[in-house]
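Protein sequence lines, in the order shown, are assigned to chains A and B. Following our numbering, the residues of the first sequence are numbered contiguously, the last one being 195. Following our numbering, the residues of the second sequence are numbered contiguously, the last one being 1195. All C-beta atoms in this analysis are idealised placements derived from N, C-alpha and C, irrespective of residue type, glycine included. As the structure is a computational prediction, the values presented were derived from the model and not from experiment. Note sheet for the following structure.
There are 2 protein chains.
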Amino acid sequence: MSASDHGPQTSARKRADARRNEQSLLDAAAAAFLAAGVDAPVREIAARAGVGVGTIYRHFPTRADLVIAVYRHQVEAAAEAGPTLLATSDTPFAALAQWIDLFVDFLVTKHGLAEALQSDDTTFEALHAYFLDRLVPVCTRLLDAAATAGEVRPDVAAYELMRGVGNLCIGAGRDPRYDARRLVELLIAGLRLNP
Amino acid sequence: MSASDHGPQTSARKRADARRNEQSLLDAAAAAFLAAGVDAPVREIAARAGVGVGTIYRHFPTRADLVIAVYRHQVEAAAEAGPTLLATSDTPFAALAQWIDLFVDFLVTKHGLAEALQSDDTTFEALHAYFLDRLVPVCTRLLDAAATAGEVRPDVAAYELMRGVGNLCIGAGRDPRYDARRLVELLIAGLRLNP
DNA sequence: TGGCATGCGGAGTCAGGTTCCGTATTGTTG
DNA sequence: CAACAATACGGAACCTGACTCCGCATGCCA
């Protein structure tokens, strides 16, 4: 099991019923997260999937494992979008800005995810780690390229920037007076050197 | 009882033991918040104060009431600092920047407060409301002055700015790689028009 | 000092998360 | 196909922490 392995997901040789339940759980969790956020009660997810709570814990020992499994595809897509944007954009800064936009879109549409990402609750440690492992290197490349081109301040680390962006997404969509996207734009504007 | 009345605090005519307990609770809560953040267990606060949990709920029906009472002085001080800074600073922008600095200092030294401020937990509704009632008008004045002077973009509301700043302070002090102050600076820089 | 309004303590209730183990299902082997 | 071992399942039981409620204690006033 490699260090970047999170949760069972596509699992190898398991009993047929186990694989079926795992899929039901992923579907149920996705639905529950959509309806009630990533803090949806364990019992509710189990009920939606038509399984007992024990089955959840067997497949996904911590809530983070479940959340990761549910959003894995989208996180991978974001990670892969980085290099692509860098290759196709006019300037590294444009690529960075677009990539951050993508990330913000992802976060603001997942009720409670931004909160979970920043929470110090140990339940979410693995979630935090997964996002960081997967996305910080991508962001670092974009940021470095933009810094090398002299477009942004060279003294801000990708980790810090991503946490800042993640933080700004907390509570987005709960209040029409708060537009996370606009504030992230401000933050990125503050990062820029020669407009 | 005016609309901006929060918690009993200095209370008028109550029994002597009640007033004593209220003070013990404030002291105990302040200590507990310092040690364990504003989410410190109710039972622990009660124990520190040497009272039963019922006594907490009698004096401070919601956690927000207790938090407000504990930090009231500092919030008032921040509110009063606004006009002062505006009067003594070279430019409205400088006053705004200093005031935001003050606010950030306050938040990052209160473990868990920034989190609570943004949480949608109904327990903290009153806290949210109190901060907004008290500080948004102050920030609005600073922001308006800076906008009028052409120093900042005129299209960002104080409410949004303050929530953004509050959000950026979440998790500050938990991780040396994350410096909330620096990111807030970036945000303010992004707000600026003619540097 | 007596009477009673006020306030107190903490056991009890409720809501979630997490564990555990007897039972059921699956897959394999003779 | 039958019988068995391995695997997985369900959900009752348990734990933690917030919040309520009421019989008892305390302070206040006459």
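Residues of the stretch 136-161 of chain A with a C-beta atom less than 9 angstroms from some C-beta of chain B are Arg153, Asp155, Val156, Ala157, Tyr159, Glu160, Leu161, listed in chain order. For Arg1020(B), the enclosing alpha helix (DSSP H) stretches over residues 1016-1036. Of the residues assessed, Leu1191(B) falls on the buried side of the cut-off, its CB having 16 or more other CB atoms within 10 angstroms. In this structure, DSSP gives Arg63(A) a helical state, which the three-state scheme calls helix. Rounded to the nearest angstrom, the Cβ distance from Leu1026(B) to Val1053(B) is 16 angstroms, too far for a contact under 8 angstroms. The beta-carbon of Gln74(A) is placed no less than 7 angstroms from the nearest beta-carbon of chain B. Residue pairing by DSSP leaves Arg174(A) without any beta bridge partner.
Non-local C-beta neighbours of Arg141(A) in its own chain, meaning closer than 8 angstroms and more than five positions away in sequence, comprise Gly82, Pro83, Leu86, ordered along the chain.
Assignment of beta-bridge partners to Arg192(A) by DSSP yields Val152(A). Cβ proximity to chain B below 7 angstroms picks out Arg163, Gly164, Asn167, Leu168, Ile170, Gly171, Arg174 from the stretch 162-174 of chain A. Of Asp175(A), Gly150(A), Asp120(A), the smallest CA-CA separation from Asp1175(B) is found for Asp120(A).
In this structure, the CA atom of Ala1147(B) is about 20 angstroms from the CA atom of Asp179(A). Along the stretch 1098-1119 of chain B, going in chain order, the ones with a CB nearer than 7 angstroms to a CB of chain A are Gln1118. Around Leu1168(B), the same chain offers Ala1180, Leu1183, Val1184, Leu1187 as residues with beta carbons nearer than 7 angstroms, after the five sequence neighbours per side are excluded. By the C-beta density criterion, Ala1097(B) is buried, having at least 16 other C-beta atoms within 10 angstroms.
Cβ-Cβ distances below 7 angstroms link Phe1103(B) to Ala1078, Val1165 in the same chain, with the five nearest sequence neighbours on each side left out; the list follows chain order. For Gln74(A), the closest alpha carbon among the candidates Ala157(A), Tyr130(A), Arg163(A), Asp17(A) is that of Tyr130(A).
Val1051(B) carries a coil assignment under DSSP once its states are collapsed to helix, strand and coil.
Under the DSSP assignment, Gly112(A) falls outside any alpha helix (DSSP H); it carries neither an H nor an E label. The Cβ neighbour count for Glu22(A), taken over all protein chains shown within 10 Å, is at least 16; the residue is labelled buried. Within a 10 Å sphere around the beta-carbon of Lys14(A) sit fewer than 16 other beta-carbons, which makes this residue exposed.
Less than 7 angstroms separates the beta-carbon of Arg153(A) from that of Leu193(A).
Within chain A, the C-beta atoms nearer than 7 angstroms to that of Ala1189(B) come from Gly190, in chain order. Tyr1057(B) is outside the set of residues whose beta carbon lies under 7 angstroms from a beta carbon in chain A. About 4 angstroms separates the beta carbons of Ala1064(B) and Ala1126(B), which is inside the 8 angstroms limit, making them a contact pair. Annotated three-state conformation of Pro92(A) is helix, per DSSP.
At a beta-carbon threshold of 9 angstroms, the residues of chain A lying near Asp1179(B) are Glu160, ordered along the chain. Here Pro1137(B) carries a helix assignment [DSSP, helix/strand/coil].
The beta carbons of Ser1024(B) and Ala1047(B) sit about 11 angstroms from each other, so the pair does not count as a contact at 8 angstroms. Inclusion of Gly1171(B) and Gly1112(B) in the CB contact set at 7 angstroms is not warranted, their separation being larger than that value.
Across the structure, Glu76(A) and Leu132(A) are spaced so that their CA atoms are roughly 12 angstroms apart.
Comparing C-alpha distances from Ala35(A) to each of Leu161(A), Lys110(A), Phe106(A) shows the shortest one belongs to Lys110(A). In this structure, Ala158(A) sits near Cys139(A), with a CB-CB distance shorter than 7 angstroms. Non-local C-beta neighbours of Val1108(B) in its own chain, meaning closer than 8 angstroms and more than five positions away in sequence, comprise Ala1114, Cys1169, Ala1172, Gly1173, Ala1180, Arg1181, ordered along the chain. Taking the CA atoms as reference points, Thr91(A) sits about 23 angstroms from Phe106(A). With its beta carbon less than 7 angstroms from one in chain B, Leu183(A) belongs to the interface.
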